[in-house]
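Undergrad:
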Amino acid sequence: MIDRRLFTNFDWALLALVLVIAGIGVVNIASATASYNMVDTPYSLRQGYWILIGIFIMLMVCSIDYHLFGDVSYWFYGSAVFLLLVVLAIGKSSMGAQRWLHLGFISFQPSELMKIVIVMVYARYFSASPPVDGLSLKDLFYPFLMLGAPALLIMKQPDLGTAILVVLIAFSMILFVGIRIKTLASLVTAAIPAVFLGWHFYLRDYQKERILNFLSPERDPLGSGYHIIQSKIAVGSGGFLGKGFLQGTQTQLRFLPEQHTDFAFSVFSEEWGFVGCFTVLALYLALVLWGLAIARRCNDTFGSLMAVGVTAMLFWHITINIGMVIGLFPVVGVPLPLFSYGGTSMITSMIGLGILLNIRMRRFMF
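All residue numbers for the sequence shown refer to the working numbering, where the first residue is 1288 and numbers rise by one.
1. Nearest-angstrom Cα distance between residue 1523 and residue 1632?
2. Smallest Cα separation from residue 1413: which of 1400, 1374, 1306, 1459?
3. Going by DSSP, name the residue or residues bridged to residue 1379.
4. If you draw a straight line from the C-alpha of residue 1543 to the C-alpha of residue 1520, how long is it?
5. DSSP three-state label for residue 1642, please.
6. Rounded to whole angstroms, what is the Cα-Cα separation between residue 1288 and residue 1348?
7. If you follow the alpha helix (DSSP H) that residue 1321 is part of, which residue opens it and which one closes it?
8. Which whole runs of the alpha helix (DSSP H) in the segment 1542-1605 are 4 residues long or more, in chain order?
9. By DSSP, does residue 1687 sit in helix, in strand, or in coil?
10. Can you give the beta carbon distance from residue 1356 to residue 1407, rounded, assuming they're within the 8 angstroms contact cut?
11. Round the Cβ separation of residue 1563 and residue 1555 to the nearest angstrom and send it over; I've been treating them as touching at under 8 angstroms.
12. Residue 1637 and residue 1297 - do their beta-carbons sit closer together than 7 angstroms?
13. If you drop the 5 nearest sequence neighbours on each side, which residues of the same chain put their C-beta closer than 6 angstroms to that of residue 1619?
14. In its own chain, which residues sit with a C-beta less than 7 angstroms from the C-beta of residue 1424, not counting the 5 before and 5 after it?
15. Please go through the segment 1423-1448 and give each complete alpha helix (DSSP H) segment of 4 or more residues, from N-terminal end onward.
16. How about residue 1579 and residue 1606: do their beta carbons lie closer than 7 angstroms?
17. One question on the structure: do residue 1639 and residue 1611 come within less than 7 angstroms of each other, judged by their Cβ atoms?
18. If we ignore side chains and look at the alpha-carbon of each, how far apart do residue 1485 and residue 1454 end up?
19. Among the candidates 1420, 1388, 1329, 1386, whose CA atom is the shortest distance from the CA of residue 1317?
20. First and last residue of the alpha helix (DSSP H) that includes residue 1397?
21. Taking all protein chains shown into account, decide if residue 1622 is buried (16 or more other Cβ within 10 angstroms of its Cβ) or exposed.
22. Enumerate in chain order the residues of its own chain whose CB-to-CB distance from residue 1565 is below 8 angstroms, with the five nearest sequence positions on each side excluded.
23. Determine the direct distance from the alpha carbon of residue 1422 to that of residue 1624, and round the result to whole angstroms.
24. What do you reckon, is the C-beta of residue 1355 under 6 angstroms from a heavy atom of the ligand GDP?
25. Starting from residue 1516, trace the alpha helix (DSSP H) both ways and give me its first and last residue.
26. In angstroms, rounded to a whole number, what distance separates the CA positions of residue 1608 and residue 1429?
27. If you follow the alpha helix (DSSP H) that residue 1539 is in, where does it begin and where does it stop?
28. In the structure shown, what three-state DSSP assignment does residue 1466 receive?
29. If I'm right that residue 1388 touches residue 1397 with Cβ under 8 angstroms, what's the distance once you round it to whole angstroms?
30. Go ahead and pull the three-state DSSP assignment for residue 1304.
31. Helix, strand or coil for residue 1366 per DSSP?
32. Could you please give me the residues that DSSP links to residue 1394 through a beta bridge?
33. Considering only the beta carbon of each residue, do residue 1272 and residue 1313 sit closer than 7 angstroms?
34. So residue 1692 and residue 1371 are supposed to be a Cβ contact under 8 angstroms. How far apart are they, rounded?
35. Please list, in chain order, all residues of the same chain as residue 1541 whose beta carbon is under 8 angstroms from its beta carbon, the five residues on each side excluded.
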């Protein structure tokens, strides 16, 4: 029998916040793709379909006691790693990257699902054996082993942005659990030679170019520095109130690349200006703070860790994407949650938000 308290404790305000952000995203995608010569379904309508599918999946996630995710987390982890291996073997290639699995009627990125899976498996691991006085290097051996395998496989695709996100989500959860100062200092010290080795032996040439162009975009304004230069022009030209819907020249004249996906926020900035950007950022801030509040009010460690992990996933997506489009971070393929066009990204975000709603609904039961 279904507990009626689950319905009375459903967080309608959080759902409304999600739908407002997603709705603004659909309108923005309509503007970003207005100049495209489409012969089939418009991108904005496709995004609407993905939102509906995402809401259905989100409600399905809500209907399952979130503790069951802990019971099957290691199975999910093994399946996700297997899919990453399959991608490297028979995955669909696009623009020099092999990230997609094609299932005939749909394609998806297993690396996106790994963001949710790493949250589940870390929450299960740390809730089963919480540290007494902070994590030591010995305590981090198995968590780093679980993190290293998928991160390296995602880098191999190559997908630097998603690999960075998976690592940041994992480290956010580690910091929440607690880590000794000496351990943290050791990790920072070890990161210095790791960065050196990664630059010389692991990063692809185009990835190095993105980092160099982040430091100096003008070194190749018509090549690898083009994205960030055009994005900064779009953001800056919006001014205080923006140019208005469908009036952005960078967008409508197609100067801005990837304007409906990674650089969707640049389109919005040009058309709605500072006021519009402030409004969207305020909505995202509310979403992140809502997630942290759910984590704080949860009565069990596993639920708190899951909520922190999902919130960290949303936070790092928002921070990296917006930092990228305004020139604070190098250009990496990181979409803006609920806002950028993309089915896999939308489904991943909705699964994470479904977990937050799930924890919020059941907080009184444990």
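In this text, a Cβ means the ideal position worked out from N, Cα and C, and glycines have one as well.
TA: Answer, in terms of the structure:
1. Taking the straight line joining both Cα atoms gives about 27 angstroms.
2. 1459
3. 1387
4. Approximately 9 angstroms, taken between the alpha carbons.
5. helix
6. Low local confidence applies: a pLDDT of 42 at residue 1288 is under 50, so the model's placement there is unreliable, and no value is given.
7. It is not in any alpha helix (DSSP H) - residue 1321 carries neither H nor E in the DSSP assignment.
8. Runs found: 1551-1584.
9. Within the shown structure, residues of the chain are numbered from 1288 to 1653, placing residue 1687 beyond reach of any answer.
10. 5 angstroms
11. Confirmed, about 6 angstroms.
12. Taking 7 angstroms as the Cβ cut-off, residue 1297 and residue 1637 do not qualify as a contacting pair.
13. 1447, 1448
14. 1470, 1473
15. Here the runs fully enclosed are 1428-1443.
16. no
17. No, the Cβ-Cβ distance between residue 1639 and residue 1611 is not below 7 angstroms.
18. 15 angstroms
19. 1329
20. 1397-1415
21. buried
22. Here the set comprises nothing.
23. 31 angstroms
24. Because no ligand of any kind appears in the structure shown, any question about the ligand GDP cannot be addressed here.
25. 1513-1524
26. 30 angstroms
27. For residue 1539, the enclosing alpha helix (DSSP H) covers residues 1536-1539.
28. When DSSP states are grouped into helix, strand and coil, residue 1466 belongs to the strand group.
29. 6 angstroms
30. helix
31. helix
32. 1389
33. Examination of residue 1272 is not possible in this model, given that the chain is present from 1288 through 1653 alone.
34. Outside the shown range of the chain, which is 1288 to 1653, sits residue 1692, and nothing can be said about it.
35. Correct list, in chain order: 1322.
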